[in-house]
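Shown next, in structure tokens, is the structure this report addresses.
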Amino acid sequence: MQTNTRALSYLHLFLILICSAWNNSSTALIDLDDPTVTDFVNSTTWRAPSPQSKASIVLLLSNLGFINILQEPLYCRTNTLNQRTLLDLPLFMSEWRTEKCRTFGAYFFYNQTSDMNFTSNSRNINSYLAVGQDSFINSLEEFLINIQALPGFSQFDPNAALAILNLFENFTVQERRAGVMLYGRKRFNDWALNVMAPFYYQERNYFVNQDIQNDIQEIVNSFLPGSGTEEDSQAQEEFQEQFLIADRIGIGDTRIELDYPLYCSETWKVRIGGLATLPTNCTFEKGLLGNEFELLKNRPLLDIQGLSEAITSPSTATQAREQGISYLLGALTQLSSILLNAPLGYHGHLGLGVLARSYSCLGNFINRPWAQNIKFKSRWSVEYLFPRRYTRAFVSAIDYAEFARRDFNDPAQADSNYDFIVEQLTDRLYPQALSAVVWPGVVFRSTSRNMYERENWRFFLGTDLWIRTAEHLYDIKLDLQSTSKLLIKRAQRPLAYASKLMAGIAYKSVRAYNREWIFSLNGDTTYSGSGIGNDFTLTFNIDVYF
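With the first letter of the sequence shown counted as 1, position 88 gets the number 70 in the working numbering; the numbers rise by one all the way through.
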């Protein structure tokens, strides 16, 4: 499960880059009433208050263009990422026909999604965050250029910050799952009962390709001399583990299937039945290689006034910088809680459905010896996932009328405007964590295998189609103080489907006590889909029939 340390650490370097102006300034202090600042903010028509007053802070932020940034939505989406449960992967099917009454299987697997979907059609984070939208970039560029014009900030490079932000557009999320699927089957006359449940390790992390890593590192090295040292690399690894990787180990949900023969003839056999997905998922340990993330329900407010006072004091400048970075890292934690924190299973949802299986042999239609070795097997199922209440992330619509109503240059409104700016900043960086009823939708699945069996060997090629309808959220418990309109559609996962190709080879060995042992190697890959990333799976299956 090795992750790319350097790639994941560039988010940390970007935060340093933004905040490094405090280190690169000649005085390490900011005087909000410096004559140059006064000229810059065109404040000749009003009497400048004390350097750390709310009025001077609001006026400076307004003239720097910070208000324009607050009118740009940062989160385009707040939905969690679509994931296919392990129970629905097509390789976890015991397919060898036998007259034995009992079957036990252990399927060792590795599943990886190299780039998960943020939306229906995009696997890059610029579809989830507004880091690639022109209006957001233009507002941010204006703000950074204005910062550079402040006294003591001449060494701050807006182009470097914007260049790195542009490269962040291509960041994506990877997921790896590895473990063992335990499977059991018991026949009761014509009835057959199947039970399976996985024990596995799951890891998610941010990722970007090597070329972009090199580009980001080149920019960072030019702006922050000394980066890339051994101490810097160690700090990056620690940052990665704390903020950019989420992992856990435990057991997933349990799938129970019960079927009965509906139709049986010399040419075709069909069985129908029902299935249930029981929410038995349990995490034994979190944060083995990374961290565990939880949505912050009590969102922090940045004390801009206190931060300003600390910056202007040599004894507290370092503390001020740490407070600012801590606030930004909290925002990153909120993002990671949405994208990286994923349960082992259906998030506690109960699933009930119907299924059908069919079996046929080509020899029933073509009277040739070789045709007797070619078999066709199919499985279809439809599963309804029941709603359940838990916490999800939401953003509110921006109240542009309120921005237009306020006069940020009026000292008489300074206190109200200051509180408004602080609240709006938190709204942009920290989505709200609210309790909602989540209905994941309905899952449809179709799997077909074309097999060639000869003596103790079996080869197969097959296809698989998996569809899950769009998610719905309702009965959201709002904060009593919240008056803004929630953008619920942005929090709902889109419809997802995935088409797979699969293949495998198996060998059957009859051992003592008339037990049949089956050893197989299998693999599948997604070749088409929407709303969910392309994954692949490798398995080594062991089945014993007795």
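Even glycine gets a Cβ: it sits at the ideal position worked out from N, Cα and C.
Taking C-alpha positions only, leucine 68 is separated from glycine 444 by approximately 18 Å.
Rounded to whole angstroms, the gap between the alpha carbons of leucine 344 and lysine 251 is 13 Å.
In the structure shown, proline 243 adopts extended strand secondary structure according to DSSP, grouped into three states. The beta carbon of glutamate 239 sits closer than 7 Å to the beta carbons of Asn176, Gly255, Leu257, Leu337 from its chain, once the five residues preceding and following it are set aside; these are given in chain order. Take the alpha-carbon of alanine 386 and the one of serine 308: they are about 31 Å apart. In this chain, the alpha helix (DSSP H) harbouring tyrosine 400 covers 396 to 411.
Bounds of the beta strand (DSSP E) holding tyrosine 341 are 333 to 343. Take aspartate 446, set aside five residues on each side of it, and the residues of its chain with a beta-carbon closer than 6 Å to its own are Pro72, Thr429, Lys482, in chain order.
Going by DSSP, tyrosine 456 is part of the beta strand (DSSP E) stretching over 454 to 459. In the DSSP assignment, methionine 484 forms a beta bridge with Gly444, Asp506. With a cutoff of 9 Å on beta-carbon distance, glutamine 414 and phenylalanine 368 are scored as not near each other. Nearest in C-alpha terms to leucine 503, of all of Glu54, Leu416, Phe74, is Phe74.
In this structure, DSSP gives serine 308 a helical state, which the three-state scheme calls helix. With a beta-carbon spacing of about 10 Å, phenylalanine 522 and glycine 486 fall beyond the 8 Å limit used to define contacts.
For secondary structure counted as the beta strand (DSSP E) over 3 or more consecutive residues, the region 339 to 381 holds these complete runs in sequence order: 356 to 367, 370 to 376. Counting of Cβ neighbours within 10 angstroms places proline 180 among the buried residues, the total reaching 16 or more.
The beta carbon of threonine 249 sits closer than 6 Å to those of Asn346, all from its chain and outside the five residues before and after it, given in chain order. Per DSSP, reduced to three states, the secondary structure at glutamine 316 is helical. Across the structure, tryptophan 421 and serine 117 are spaced so that their CA atoms are roughly 34 Å apart. Taking glycine 47 as reference, the option from Phe501, Leu311, Phe125 with the minimal CA-CA separation is Phe125. In the structure shown, arginine 169 adopts extended strand secondary structure according to DSSP, grouped into three states. DSSP places arginine 436 within a strand segment (E or B) once states are collapsed to three. Within the same chain, and ignoring the five residues on either side of alanine 112 in sequence, the residues whose Cβ sits closer than 8 Å to its Cβ are Glu54, Pro55, Leu56, Tyr57, Cys58, Phe118.
Residue range 414 to 421 is occupied by the beta strand (DSSP E) that includes serine 417.
Taking the C-beta atoms as reference points, isoleucine 449 is found nearer than 9 Å to tyrosine 479. Here isoleucine 127 is not near asparagine 187, since their CB atoms are 9 Å or more apart. With contacts defined by Cβ atoms closer than 9 Å, leucine 63 and glycine 511 do not form a contacting pair. Listed in chain order, the alpha helix (DSSP H) elements of length 4 or more contained wholly in the region 44 to 119 are 48 to 52.
Boundaries of the beta strand (DSSP E) around asparagine 523: 517 to 527. Under the three-state reduction of DSSP, glutamate 384 is assigned to helix. With fewer than 16 other Cβ atoms inside 10 Å of its own Cβ, isoleucine 348 counts as exposed. In terms of Cα proximity to serine 121, the closest of Leu416, Asn50, Arg472 is Asn50. Here the C-alpha atom of serine 319 lies approximately 10 Å from the C-alpha atom of alanine 313. Note on geometry: alpha-carbon atoms of threonine 508 and aspartate 397 lie some 56 Å from one another. Inter-segment contact for the region 353 to 362 and the region 406 to 413 is absent: fewer than three beta-carbon pairs are separated by less than 8 Å.
Residue range 140 to 149 is occupied by the alpha helix (DSSP H) that includes leucine 144.
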